[in-house]
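Report on the structure given below.
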Amino acid sequence: MPREIEIKSVLNKTKQRDTWFLDDYTVNLYSSCSFNCLYCYIRGSKYGTNLEASLSVKTNAIEVLDRQLYNRAKKEQYGIIVLSSATDPYLQIEKKYELTRQALQLIAKYKFPVHVITKSDMIARDYDLLHHIDKNAILPNDLKSTLGRGVIVSYSFSTLDNATARIFEPGATAPSLRLQSFKNTLQEGFLSGVSLMPLLPFISDTTAHLDLLFSTFKECNAHYVLPATLTLFGHEKAASKTLMLQAIQKHYPELLPKYQKYFQYGSEMPAYYKAAFAKKMKELAVQYEIKSSIL
Ligand code: SF4
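Residues 43 to 337 in this note's numbering are what the sequence shown lists, from first letter to last.
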């Protein structure tokens, strides 16, 4: 059972809008994340090795969000709300608590635009609200002509292979179901694309898997694909680097020396890898005619 906690603030204003996700605000209705991705950047001693065990529900989040959105709307401080940045808005417990649905009702009421980022297939439940927001949201002035609508939906994938995903993102919806949900969201007419964050070195960034990813998303008519390399932090028991190296040792022992070499001291892949990665992603975007940014 998740813990229930009370919070003072749930609408976080970002310092600067991120060019990838266009976030002016972020909202996290749950604390920690039962999808439990080994590479997750929120990992560390605060949440322990099993993120699901530290999952909390912000029971007064809707009341607080109502107040905060009211104040922002009164000052006409409209901006894109990213739902979510440090958890998934459609965790399994959302079926019971419906905090995301209630938050979308408020976002619709105060006419804010929203960017939903998810690894789940549960979003179909909220298409009605999302259609309403898409048509009626008030955009910040600089996005009126470029974005021109109120909803963006990004699906996150680190692989399209269900078995690989069970190792690295054991609590998340299987990629095959996620993909079907992505197709449905596109068929609903939403602006929707994919975040490939992160692609796993030598596992899902191989030429064969990249072609599978890009051809699959092209076939779906994805509006954009946002790829990124792997970043791992920490040496303690619950750190993303520790957990990823353990998983590589267990499931891909032949790759362990490479992962150890790259991540023993630093948190990022080496510069030459990142340069080759960026070049390859540019080529694939051109080859498959898919945008590499939302706008
Ligand atoms: S779904 Fe996102 S927030 Fe949740 S564990 Fe995975 S990477 Fe972290």
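The beta-carbon is built from N, C-alpha and C at its ideal position, and this holds for glycine as well. No experiment lies behind these values; they were computed from the predicted model shown.
Next on the checklist: Am I right that LEU228 and CYS262 are in contact with their C-beta atoms under 8 Å? What's the rounded C-beta distance?
Outcome noted: About 6 Å separates the two Cβ atoms, so the contact holds.
Checklist entry - Since LEU268 and SER309 are thought to touch, with beta carbons under 8 Å apart, how far apart are those beta carbons, to the nearest angstrom? => result For LEU268 against SER309, the beta-carbon gap comes to about 20 Å, at or over 8 Å, which does not count as contact.
Next on the checklist: Below 8 Å, is the gap between the Cβ of PHE77 and the nearest heavy atom of the ligand SF4?
Outcome noted: Taking the Cβ of PHE77 as the reference point, at least one heavy atom of the ligand SF4 falls within a distance shorter than 8 Å.
Checklist entry - Just how far apart, CA to CA, sit TYR89 and GLU278? => result The C-alpha of GLU278 is placed about 12 Å away from the C-alpha of TYR89.
Item to check | Start-to-end residues for the beta strand (DSSP E) that takes in HIS293 | outcome: No beta strand (DSSP E) holds HIS293; the alpha helix (DSSP H) holding it covers 282 to 293.
Item to check | Buried or exposed by the 16-neighbour rule on C-beta atoms within 10 Å, applied to ASN70 | outcome: Here ASN70 is buried: its Cβ has 16 or more other Cβ atoms, across all protein chains shown, within 10 Å.
Checklist entry - Would DSSP call LEU53 helix, strand or coil? => result Under the three-state reduction of DSSP, LEU53 is assigned to strand.
Checklist entry - MET164 to VAL158, Cα distance in whole Å? => result Their Cα atoms are separated by approximately 12 Å.
Checklist entry - Closer than 8 Å: is that where the CB of ILE84 sits relative to any heavy atom of the ligand SF4? => result At least one heavy atom of the ligand SF4 is nearer than 8 Å to the Cβ of ILE84, so yes.
Item to check | Beta carbon proximity, SER282 to chain E, threshold 9 Å | outcome: The structure shown contains no chain E; it is built from a single protein chain.
Checklist entry - For PRO243, does the three-state DSSP call read helix, strand or coil? => result Residue state for PRO243 is assigned as coil, using DSSP reduced to three classes.
Checklist entry - Between ILE84 and SER126, what straight-line distance do the alpha-carbon atoms span, to the nearest angstrom? => result Computed Cα separation, rounded: 13 Å.
Checklist entry - Among residues of its own chain, excluding the 5 on either side of LEU172, which ones have a beta-carbon nearer than 6 Å to its beta-carbon? => result In chain order, VAL193 place their CB closer than 6 Å to the CB of LEU172, counting only its own chain and leaving out the 5 sequence neighbours on each side.
Checklist entry - Between which two residues does the alpha helix (DSSP H) harbouring PRO217 extend? => result Going by DSSP, PRO217 is part of the alpha helix (DSSP H) stretching over 217 to 229.
Checklist entry - Roughly how many whole angstroms lie between the Cα atoms of LYS322 and THR271? => result Rounded to the nearest whole angstrom, the CA to CA distance from LYS322 to THR271 is 12 Å.
Checklist entry - Does the distance from the CB of PRO131 to the CB of SER162 come in under 9 Å? => result If you check the CB distance, PRO131 and SER162 come in under 9 Å.
Checklist entry - Using CA coordinates, which residue listed in ASP60, ALA327, LYS300, TYR139 is at the minimum distance from ILE122? => result When C-alpha distances from ILE122 are compared across ASP60, ALA327, LYS300, TYR139, the shortest belongs to ASP60.
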